[in-house]
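Below is one structure, written out as structure tokens; the observations come after it.
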Ligand code: LMR
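In the numbering used here, the protein residues as written are 3 to 402.
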């Protein structure tokens, strides 16, 4: 009965790792998936995560019972505070419902399914380009996906005029997916002034903001500064949705720990929204896993661990910034044709190099460098040792 099934293609991002793993070359380099690596090219478990895990292991009162459908209550509260700010009026007025979900993807999917069932507008606008999983998540959730202009290849920066025009002509009430900071894949974010214009336009047209916050702490190195766009939308008293992930900023990739917050107009609405979120979650996976959320809660509620976390996070962000500078310098030293200043201007984990898919194929074939076909490279996967190899490959790709 399954003989007719055709082989599906590998995922455009995760499939890069599959191809990388098959390559026997000793110089191979994986710059595909956005996952932090040390200078030695190894995955990093944060010191604070180790400490939190130790505390959890030592606490014999801890059990492995099911969590409630919405997850760990303490974790949910702390997550809302982290993104909205400890003094957020929306939190104080109990207008926010937060549910623990399976990292960013799970949070977006639960939010998407909730909107498809209960919101009057089924169209969601996503930036062009965006993270490859976004259109799939929202389509499967039952929403209709449209794009708004975001990136201008000519300037390798924001197409702000195009963005305003496209959101300006979106139907009233449409949902708009916004990257809270460190836009993936472009590394290009609006300025705070531009965010304010976006906010005014969206509120004037009753467009519903759905933030994807996967890189809080990676854009500016400050958790509060990176949450600023979200907080601007919450401060005006209107509704919004926020999907959070701790994959990158706590390095908890495989623990699948994230949260969906929905900011509502009143406490009563928020509690009814939460009751419906439970109906979305229960048939999907029943309730979320306990371990990752317990690690996050342990860190967020302890002043010392929290401070240590911010230092470790800043160190990761700073190492990425230094990789940007080193790659830029290496290309300049080689006299590689083109303006590569976007490498140091873009922010977050990724550089959107501007290399085309043929050049990417060339770099993989000749230099064993793996990256997504849109020319995105994960700066977090680079080290001082591998920068020259990448610079050689880029130089050869643009001059051959
Ligand atoms: C990425 O864009 O590389 C990350 O968000 C990982 C993923 O799941 O795609």
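C-beta: ideal position from N, C-alpha, C; glycine also.
Collapsed DSSP secondary structure at residue 263 in the structure displayed: strand
Inter-residue Cα distance where the pair is residue 28 and residue 402: 24 Å
Among 298, 93, 173, 233, the one whose alpha carbon lies nearest that of residue 54: 298
Pairwise C-alpha distance: residue 286 and residue 296: 22 Å
Exposure label - residue 31; buried when at least 16 CB within 10 Å: buried
The region 64-73 / the region 39-56 touching (three or more Cβ pairs under 8 Å): no
Integer-rounded CB distance, given that residue 241 should sit under 8 Å from residue 267: 7 Å
Segment limits, beta strand (DSSP E) that includes residue 177: 177-181
Nearest-angstrom Cβ-Cβ length linking residue 260 and residue 245, presumed shorter than 8 Å: 7 Å
Under the three-state DSSP convention, the category residue 44 falls into: coil
Rounded straight-line distance, which links the Cα of residue 48 to that of residue 254: 9 Å
Beta-carbon proximity check, residue 208 vs residue 349, cutoff 7 Å: no
Cβ distance (whole Å) where residue 372 is taken to contact residue 18 below 8 Å: 5 Å
Other residues of its chain near residue 302: CB distance less than 7 Å, five sequence neighbours each side excluded: 80, 84, 308
CB of residue 374 within 7 Å of CB of residue 15, strictly: yes
Beta carbon of residue 106 nearer than 7 Å to that of residue 288: no
Residues of its chain near residue 205, where Cβ-Cβ distance is below 7 Å and the 5 sequence neighbours each way are ignored: 238, 240
Cα-Cα separation, residue 210 to residue 124: 11 Å
C-beta atoms of residue 329 and residue 345 nearer than 7 Å: yes
Residue 201 - containing alpha helix (DSSP H), residue span: 194-206
Residue span of the alpha helix (DSSP H) that contains residue 282, given as start and end: 269-287
C-alpha distance - residue 45 paired with residue 250, whole-angstrom precision: 11 Å
Pairwise C-alpha distance: residue 382 and residue 369: 19 Å
From 200, 170, 166, 169, residue whose alpha carbon lies closest to that of residue 2: Residue coverage of the chain in this structure runs from 3 to 402, which leaves residue 2 outside it and unanswerable.
Exposure of residue 263, with buried meaning 16 or more beta-carbon neighbours within 10 Å: buried
Span of the beta strand (DSSP E) around residue 130: 125-130
Chain-ordered residues, beta carbon under 5 Å from a heavy atom of ligand 1: 15, 35, 36
Buried versus exposed, by CB contacts within 10 Å (16 or more), residue 140: buried
Contacts around residue 64, its chain only, beta-carbon distance under 8 Å, and the 5 residues preceding and following it disregarded: 58, 296
Nearest-angstrom Cα separation, counted from residue 326 out to residue 342: 10 Å
C-beta atoms of residue 243 and residue 73 nearer than 7 Å: no
Nonlocal neighbours in the same chain, by C-beta distance under 7 Å from residue 338, ignoring five residues either side: 396, 397, 400
Residues near residue 161 in its chain [Cβ-Cβ closer than 7 Å; skip 5 each side]: 151, 152, 153, 154
Own chain, CB closer than 8 Å to residue 196, minus 5 neighbours either side, in chain order: 160, 162
Ranges of the beta strand (DSSP E) found wholly within the region 330-374, counting only runs of at least 3: 352-354
Simplified DSSP state of residue 146, which is helix, strand or coil: strand
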